[in-house]
Amino acid sequence: MGRTIAEKVLSKKCLERREVHAGDYVGVRIDGLMLNVTTSQVNEKAVEAGLPGGLPRLWDTERVYMMTEHHQPPQSELQARRNKITRELAARLGVKYFHDAEPGVCHQMMCDYGYVLPGELIVGPDSHCTLYGALNAAGTGIAEPDAAYAAVFGELWLRVPDSLKVSIEGQLPGSYPVAKDVVLYLAGKYGDDMAQYMAIEYTGPAARQMDMSSRMCLADHGVELGAKFAFFEADEKTLAYVRQRTDNPFETVGPDPDARYSRELTVDLEEVGIRVAKPHTFDNVVPIEQVAGKRIDQALIGSCANGRLEDIEVAARILRGRKVAKGVRFIVSPASYAVYLQCLEAGLVESLVRSGAQFLEPGCGVCTARLAYMADGEVSISSTTRNYRGRKGSPKAEIYLAGPATVAASAVTGVITDPREMLNAASQ
Amino acid sequence: MLRLNEFVLRGRVWKFGDSVDTNIIAPLHVMRKGEIAELAQHTMAALRPDFPEQVRPGDIVVAGANFGCGSHREEANLVLEKVGIRAILAESVARIFLRTSINLAYPTLVAPGVSSLVEDHEELEIDYPKGKMRNLQTGRELSLPKYPPSVEQIFAAGGILTLLKERCVREGLVQL
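Structure representation (structure tokens):
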């Protein structure tokens, strides 16, 4: 019987060295553990377990990637204290790859630094570890208690997931990144638990046309569809991306032609158009036409979902020769310093700032109630990951989610706006 | 420690809808001080302002699909335990929330049909060994799926932290 990507990866990682199938509960060896802003809490779990001082060791000092990202510089005394503990832990445990005093979103940094390799199983205490699937890796979020176990022994229990195949057909629009519209379309049509406990495999001609940024957006958002993993197959773009960053060996994993999926879906890009998620759930999705004209107070571009060069580039293109609408806060936060540098080198930062954008440090604050809070009754349109009630402060604030082009066009007009007209004008 | 093979519970139900996310359960803006006790005063309040005040030890949360979706947040599991919720039953539970419950040995059960079995503040009986749940007001029953044995063992051990400590001792990584 043919096997899916998830079945193949987990068969390789299975401690019992056997072929595993969807539904099996197995012990697995992980290839990497990402420890981020919550590192000190992972250590506290080990203390709570009854281990004096916390984690007694790391199973592999070169496979635990530690960083004090998320909220840098610290935005509270508590965070400063936790970062200090993380610093001390990194020294005590002999962590080889430790990034301190570097703002960013952990998942983007993991990719930027070449820590994510095709075919690997990488976990971490953050739900958006699914992003690693863009690089053909099995990435998934865990919580601090099993992160503590994984840190010491490099092992975890996992249920081998069923798989859902999503084939993306049609031509990419070319003038704007469409990945966000695709995932919102899926959530709207099939629900935000459409892939609960499952592995998604994104495939099809348009998936292959997508560059790594768009693939990262879709894989990242796997968790918003409930997924455990969200894979792309490795191709020449994947290999080029990885090879620019590391010489470490890896083996890509593709599905067998007769792999068994619990569901197979096709997305036609022509049908996707421009989509917006209304408050307060990810699957409350409508075509842009149904919300166009809604007044906004804030427009955000950033996060592990849509804070990469292509997202900020399209915003700069839309804002060129235009200004942010009066009364609108247009906030741009690159997903990492590597992305920030790309934006600087391309002149996007200057161009956006001259148009009235505010730049924020790379990090997760843009996506949560850490930065850019919202008051009662305020409305935001955002390319970030989530629109849950209270996500940006007041439970009476409203968060709409959309792709970066829609966010930028809305920043210009002050109301939710279909970006296609401005994009056409910009290309002429 | 939680022996699921002895897990029988009666309790009053707090009923919620679909997609209750972890920020509803553990709002980030009150996590600042890192205190679960403070979170307990705000948990679920965005949906049910009366919940933090009125919840009683022994109550049960019943929810629709995708309970606990959103950010990974162990505090979400911890705060419900802290306010005395003895069990969570939902049509489906978001992956990380469910995984964390298992690793904390906190009874969180995927129970398809539970939303139509009970209404808010009715009494529910959960009989895990018999694989049944029963509405004590209406007498209606539904079957309750079981975890696989490997997961029941994590519950029986008292969660993954106990397993971590035992293995550290066994492998000589710590002397206690």
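Line order of the protein sequences matches chains A and B. Numbering-wise (my numbering), the first sequence opens with residue 3 and increments by one. Numbering-wise (my numbering), the second sequence opens with residue 84 and increments by one. For every residue, glycine included, the Cβ atom is placed at its ideal position computed from N, Cα and C.
- Distance check between A:Val-293 and each of A:Leu-267, A:Leu-53 and A:Asp-420 places A:Asp-420 closest, using alpha-carbon atoms only.
- Looking at the DSSP output, B:Thr-191 sits in a beta bridge with B:Ile-171.
- Taking a Cβ-Cβ threshold of 7 angstroms, the residues of chain A close to B:Asp-104 are Tyr-390, in chain order.
- DSSP places A:His-109 inside the alpha helix (DSSP H), whose first and last residues are 108 to 114.
- The contact set of B:Thr-183 on chain A, defined by CB atoms closer than 9 angstroms, consists of Ile-144, Ala-145, Glu-146, Pro-147 and Asp-148 in chain order.
- In this structure, B:Asn-186 sits near B:Ile-243, with a CB-CB distance shorter than 8 angstroms.
- Distance from A:Thr-387 to A:His-223 at the Cβ level is roughly 7 angstroms; contact confirmed, criterion being Cβ atoms closer than 8 angstroms.
- For B:Asp-210, the enclosing beta strand (DSSP E) has its first and last residue at 206 to 210.
- Every unbroken stretch of the alpha helix (DSSP H) spanning 4 or more residues and falling wholly within the stretch 197 to 274 of chain A is given here in chain order: 207 to 211, 214 to 222, 238 to 245 and 271 to 274.
- B:Lys-215 sits in a strand when the DSSP states are folded into three classes.
- Taking A:Ile-418 as reference, the option from A:Ala-427, A:Thr-408, A:Leu-425 and A:Asn-426 with the minimal CA-CA separation is A:Thr-408.
- For a Cβ distance threshold of 8 angstroms, nothing in chain A lies close to B:Ser-198: the least Cβ distance comes to about 14 angstroms.
- According to the DSSP secondary-structure assignment, B:Arg-95 is paired through a beta bridge with B:Glu-206.
- When C-beta atoms of the stretch 7 to 14 of chain A are compared with those of the stretch 66 to 86 of chain A, fewer than three pairs fall below 8 angstroms, so the two segments do not count as touching.
- At a C-beta separation below 9 angstroms, B:Val-234 has these neighbours in chain A: Tyr-27, Trp-159 and Arg-161.
- When the beta-carbon positions are compared, B:Leu-200 and B:Leu-219 stay at least 8 angstroms from each other.
- Pairing B:Leu-227 with B:Tyr-211 gives a Cβ-Cβ distance under 8 angstroms.
- Closest option to A:Tyr-115, judged by alpha-carbon separation, among A:Ala-181, A:Tyr-243, A:Val-39 and A:Arg-94: A:Tyr-243.
- With a threshold of 8 angstroms between beta carbons, B:Leu-244 makes contact with chain A.
- Between the alpha carbons of B:Arg-217 and B:Ile-209 lies a gap of roughly 7 angstroms.
- Here the alpha carbon of B:Pro-135 sits roughly 27 angstroms from the alpha carbon of A:Gly-367.
- DSSP links A:Asn-308 through a beta bridge to A:Gly-304.
- Residue pairing by DSSP puts A:His-101 in a beta bridge opposite A:Met-69.
- Cβ-Cβ separation between A:Glu-146 and A:Val-44: approximately 5 angstroms, consistent with a contact (criterion under 8 angstroms).
- For B:Ser-175, the C-beta contacts it makes with chain A under 7 angstroms involve Asp-195 and Gln-198, in order along the chain.
- Per the coordinates, the alpha-carbon of B:Val-234 lies some 32 angstroms from the alpha-carbon of A:Phe-252.
- Straight across, the Cα-Cα distance linking A:Val-97 with A:Thr-70 is about 13 angstroms.
- Relative to A:Ile-32, the option among A:Asn-138, A:Asn-38 and A:Lys-14 whose CA is nearest is A:Lys-14.
- DSSP places A:Met-424 in the uninterrupted alpha helix (DSSP H) bounded by 422 to 429.
- Taking 8 angstroms as the upper bound for CB-CB distance, A:Ser-357 and A:Val-326 are in contact here, some 6 angstroms apart.
- Of all alpha-carbon atoms in A:Val-22, A:Val-316, A:Glu-157 and A:Leu-60, the one lying nearest the alpha-carbon of A:Gly-176 is that of A:Val-316.
- Cβ contact annotation for A:His-72 (same chain, cutoff 7 angstroms, sequence separation greater than five): Asn-38, Val-39, Cys-108, Gly-365 and Cys-366, in chain order.
- Chain order gives the chain B residues near A:Ser-129 as Gly-153, Ser-154, His-155 and Ile-179, where near means a beta carbon separation below 8 angstroms.
- DSSP, reduced to helix, strand and coil, places A:Phe-155 within a helical segment of the structure shown.
- The C-beta of A:Pro-281 comes no closer than 8 angstroms to any C-beta of chain B.
- For the pair A:Val-154 and B:Leu-259, the CB atoms are not nearer than the 8 angstroms cut-off.
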